[in-house]
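*Asks:*
2 protein chains.
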Amino acid sequence: MASISVNDVAAAAGVSVGTVSNVLNRPEKVSPGTAARVQAAIADLGFVRNDAARQLRAGRSRSLGLIVLDVANPFFTDVARGAENRAAEEGLAVLLGNTDDSLAREAAYLDLFEEQRVHGVLISPLGDVGDRLTRLRARGTPTVLVDRQTEDRSFSSVAVDDVAGGRLAAHHLVSIGKTRIAFVGGPISIRQVVDRLKGAREAVAKHPSVSLEIIETDALSVLAGRAAGELVLERAPDDRPDAIFAANDLLAIGVLQALNMRGELHVPRNIALIGYDDIAFAAAAVVPLSSIRQPSVLIGYTAVDLLLREAAFGDTFEHEHIVFQPELVVRESTGA
Amino acid sequence: MASISVNDVAAAAGVSVGTVSNVLNRPEKVSPGTAARVQAAIADLGFVRNDAARQLRAGRSRSLGLIVLDVANPFFTDVARGAENRAAEEGLAVLLGNTDDSLAREAAYLDLFEEQRVHGVLISPLGDVGDRLTRLRARGTPTVLVDRQTEDRSFSSVAVDDVAGGRLAAHHLVSIGKTRIAFVGGPISIRQVVDRLKGAREAVAKHPSVSLEIIETDALSVLAGRAAGELVLERAPDDRPDAIFAANDLLAIGVLQALNMRGELHVPRNIALIGYDDIAFAAAAVVPLSSIRQPSVLIGYTAVDLLLREAAFGDTFEHEHIVFQPELVVRESTGA
DNA sequence: TAGCCAAAATGAAACGATTCATTCAGGCAT
DNA sequence: ATGCCTGAATGAATCGTTTCATTTTGGCTA
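So the sequence lines, in the order shown, correspond to chains A and B. My numbering puts the first residue of the first sequence at 1264, with every later residue one more than the last. My numbering puts the first residue of the second sequence at 1264, with every later residue one more than the last.
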């Protein structure tokens, strides 16, 4: 309650508040003797800076916001870890906001971050947030899109080429002799899903004998994957696909769980399965999962780096678009 | 840069700043006409509250801090999700701090949260933070320990009975006929590890013919588990344990990966394996993992609830210690 | 029409750290 | 002894919101 302020410290040390502030922020401007006295008073009283007051004066906070689609997805916790690492180098904290595929929560977090006057915003957007972000930028808050670009490329972004990833996955399935491929993923409002599907279509288009069907899910979770897998199981055996490309590893794991539930189907013999993201658990799945690897930690790290560069240069900054290339990882689920 | 303040809004709407504040915080005190005019001005100018100024006045922020040992562990993301849910009900945000088994980072987050004057702190402590937390509480910031109690029980806590969990796991292994059990876990500075081991010891003690050895790891991660698994593999076949109890699922998954690397060992026939936490991926492992389930989301939810109650009642609050009971989940890795 | 009352609106003070123009002290050269 | 210079210390002003004691307004009654 009775919070200790710089005033109290100043009084205790017999100096002015300006001097206390100097001890805190520019120690070199203060004579050693005085500094020691102030430090002693600080320790004595248990003084802790009030960040709100500091921010108010500075006009800007020392944290940056990261808005992701799903913290339960190890891909995003990896991104967050990378972001945190780079931010820590600058003494910045990362506020993590979890959208969970809800437009309302996305909006709420943007509001919160705007009110907090965060240093910058990293976002893997769900809805159309162009206007909001433009407003943020007008206020001087730089923004970097993670894993996504806007149409007009007016924001800096860090992404992975999902079309290429989709192509890699589908091409791999074709190359091991599969001809009836099912793409499991959704909702199709998510850009990543659309792009991965697009890549798959491109790869399949080169082979007239190969078909591609789409099994749409309402989320990118283990649960949704299990539902999709059960859908496949219910079909007559010769109506089933002989390969499944899941839009991410969580889905793939769900599909795998469902397919294994009855013993009749063998992965990869009857159905091959490939996921996306190459999360740590993919390698440990019932049948170790083939996947498309993304440099997740690096994505987070690079995004913050870009944000800081954009912040430093202000309006004159040329927006950058960094695109990483994904990589095919073959394991047992596609018959390694 | 040119940030819009209540002053600007007041000027534009032709009212005083006090009225603008009333529109924002106590709309019922303002006549409808005036309120509409103010709202229009707000929309017009794109005014967004400055949270720092608000906090400064209020003396307390609208977020609460959660410090966990490892965000990459799905158990903790579940706890975080539960905490977020309860916090959202009160319009509070959750700041997530990730310790990664580093005392320095734990201290840094506590500093940060203290400077931010957070509403409360939830912490799954690594080191001895009693003094720090006492100081926080003296300042009026309530604290709840997650998954841990201090010796003197002077803080509220939400935990799961880890000794009981350890007992459950070891007893299960004994009951399926295993006699040479190895406990994989560490570092032993972590209370959860100690307690789970203690429970295992108790269960084993009842059966003179069963032995319990300890393989200490330096972390609770998949990687550490893999290392432990390799250690076991290097031994002569009849020197190996016939069952492994891993202190958490990440370790268990790592152990499993290592054991599977050469084809010679079969889980559970040669070595049974049980983990702890029952994370979503446990059921999807190469060999679906038996585990000890904890109500992770509920833990987070309850912890925030307790925090809020403690905040409401102030010093008069009787500290509560909520303990959930863990549950055995049997799957294939112990020969379901 | 004067008087009264409740509702509405006002505006100055407060929160606590930082900044910066100004003052002060002490050392040195003339 | 005087003046000058530099490093150290000062303290009032500032950031933007909220609060609350005070004033104003308008409606109603006597």
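Here a beta-carbon is modelled for each residue, glycine too, at the ideal position from N, C-alpha and C. Since the structure is predicted, the reported quantities are computational estimates derived from the model, not experimental observations.
1. Is it the case that the Cβ atoms of residue 1603 of chain B and residue 1346 of chain B are separated by a distance below 8 Å?
2. Using the Cα positions of residue 1370 of chain A and residue 1337 of chain B, report the straight-line distance between them to the nearest angstrom.
3. With burial defined as no fewer than 16 other Cβ atoms inside 10 Å of the residue's Cβ, what is the status of residue 1483 of chain B: buried or exposed?
4. Compare the C-beta of residue 1284 of chain A with all C-beta atoms of chain B and state if any pair is closer than 8 Å.
5. Could you say which of B:1424, B:1468, B:1486, B:1533 lies nearest to residue 1590 of chain B if we only look at CA atoms?
6. Given a threshold of 16 other Cβ atoms within 10 Å of its Cβ, counted over all protein chains shown, does residue 1380 of chain B qualify as buried or as exposed?
7. Could you say if the segment 1453-1467 of chain B and the segment 1498-1506 of chain B meet the contact criterion of at least three C-beta pairs nearer than 8 Å?
8. How many angstroms separate the CA atom of residue 1592 of chain B from the CA atom of residue 1523 of chain A?
9. For residue 1264 of chain B, name the three-state secondary structure that DSSP assigns.
10. Let me make sure I understand the geometry here. Which of A:1292, A:1291, A:1307, A:1290 has the alpha-carbon closest to that of residue 1276 of chain A?
11. Using the Cα positions of residue 1530 of chain B and residue 1548 of chain A, report the straight-line distance between them to the nearest angstrom.
12. Just checking, does the segment 1409-1418 of chain A make contact with the segment 1438-1446 of chain A on the three C-beta pairs under 8 Å criterion?
13. Evaluate residue 1435 of chain A with the Cβ neighbour count: other Cβ atoms within 10 Å of its Cβ, from every protein chain shown; 16 or more gives buried, anything less gives exposed.
14. In the DSSP assignment, what residue or residues form a beta bridge with residue 1592 of chain A?
15. I'd like the span of the beta strand (DSSP E) that includes residue 1422 of chain B, first residue to last.
16. So, at 7 Å on beta carbons, what are the nonlocal neighbours of residue 1353 of chain B in its own chain, with the 5 sequence-adjacent residues on each side left out?
17. Give a yes or no on whether 8 Å exceeds the smallest Cβ distance from residue 1266 of chain A to chain B.
18. Within the 8 Å Cβ cut-off, does residue 1312 of chain B reach chain A?
19. Does the beta carbon of residue 1589 of chain B come closer than 8 Å to any beta carbon on chain A?
20. If the cut is a Cβ gap below 8 Å, which residues of chain B does residue 1340 of chain A touch?
21. Listed in chain order, which residues of the segment 1512-1524 of chain B have Cβ atoms closer than 9 Å to some Cβ of chain A?
22. At a CB-CB cut-off below 8 Å, which residues of chain B make contact with residue 1319 of chain A?
23. I'd like to know whether the C-beta atoms of residue 1329 of chain A and residue 1375 of chain A end up nearer to each other than 8 Å.
24. For residue 1428 of chain B, collect the residues of the same chain with a Cβ closer than 7 Å to its Cβ; drop the 5 residues on either side in sequence, then sort them by chain order.
25. From what residue to what residue does the beta strand (DSSP E) around residue 1476 of chain A run?
26. CA-CA distance, residue 1500 of chain A and residue 1445 of chain A?
27. Are any of the Cβ atoms in chain B nearer than 8 Å to that of residue 1322 of chain A?
28. Could one say the Cβ of residue 1592 of chain A lies closer than 8 Å to chain B's Cβ atoms, at least one of them?
29. To which residues of the same chain is residue 1495 of chain A closer than 6 Å at the C-beta, ignoring the five residues directly before and after it?
*Replies:* Answer, in terms of the structure:
1. This structure gives no information on residue 1603 of chain B, because the portion of chain B shown stretches from 1264 to 1599.
2. Residue 1370 of chain A and residue 1337 of chain B have their alpha carbons spaced roughly 26 Å apart.
3. Counting Cβ neighbours within 10 Å, residue 1483 of chain B comes out buried, since at least 16 surround it.
4. So no, residue 1284 of chain A is outside the interface.
5. Distances from the alpha-carbon of residue 1590 of chain B to those of B:1424, B:1468, B:1486, B:1533 put B:1424 closest.
6. Residue 1380 of chain B sits buried, since 16 or more C-beta atoms from the chains shown fall within 10 Å of its C-beta.
7. The segment 1453-1467 of chain B, when compared against the segment 1498-1506 of chain B, does not touch it at the 8 Å Cβ threshold.
8. Using only the alpha carbons, I get a separation of about 18 Å.
9. Note that residue 1264 of chain B scores 46 on pLDDT, short of 50, meaning its location in the model is unreliable and no value can be drawn from it.
10. Residue A:1307 holds the alpha-carbon nearest to the alpha-carbon of residue 1276 of chain A among A:1292, A:1291, A:1307, A:1290.
11. The alpha-carbon atoms of residue 1530 of chain B and residue 1548 of chain A are separated by roughly 14 Å.
12. Cβ pair count under 8 Å is below three, so no.
13. A residue is called buried once 16 or more other Cβ atoms fall within 10 Å of its Cβ, and residue 1435 of chain A is buried on that count.
14. Bridge partners of residue 1592 of chain A: A:1554.
15. Residues 1419-1423.
16. Excluding positions up to five away in sequence, the list reads 1571.
17. At least one chain B Cβ lies under 8 Å of residue 1266 of chain A.
18. Yes, contact with chain A.
19. With 8 Å as the cut-off, residue 1589 of chain B does not count as an interface residue toward chain A.
20. The answer, in chain order, is 1334, 1335, 1340.
21. So the list reads 1513, 1516, 1517, 1519, 1520, 1523, given in the order they occur along the chain.
22. Near residue 1319 of chain A (Cβ distances below 8 Å), the residues of chain B are 1313, 1315, 1316, 1319.
23. Going by C-beta atoms, residue 1329 of chain A is not nearer than 8 Å to residue 1375 of chain A.
24. Excluding sequence neighbours, residue 1428 of chain B sits near 1459, 1462, 1539, 1555, 1589.
25. 1474-1479 is the extent of the beta strand (DSSP E) around residue 1476 of chain A.
26. In this model, residue 1500 of chain A and residue 1445 of chain A are separated by some 14 Å (Cα to Cα).
27. A Cβ of chain B is located within less than 8 Å of the beta carbon of residue 1322 of chain A.
28. Residue 1592 of chain A does not count as touching chain B.
29. Result list for residue 1495 of chain A: 1503, in chain order.
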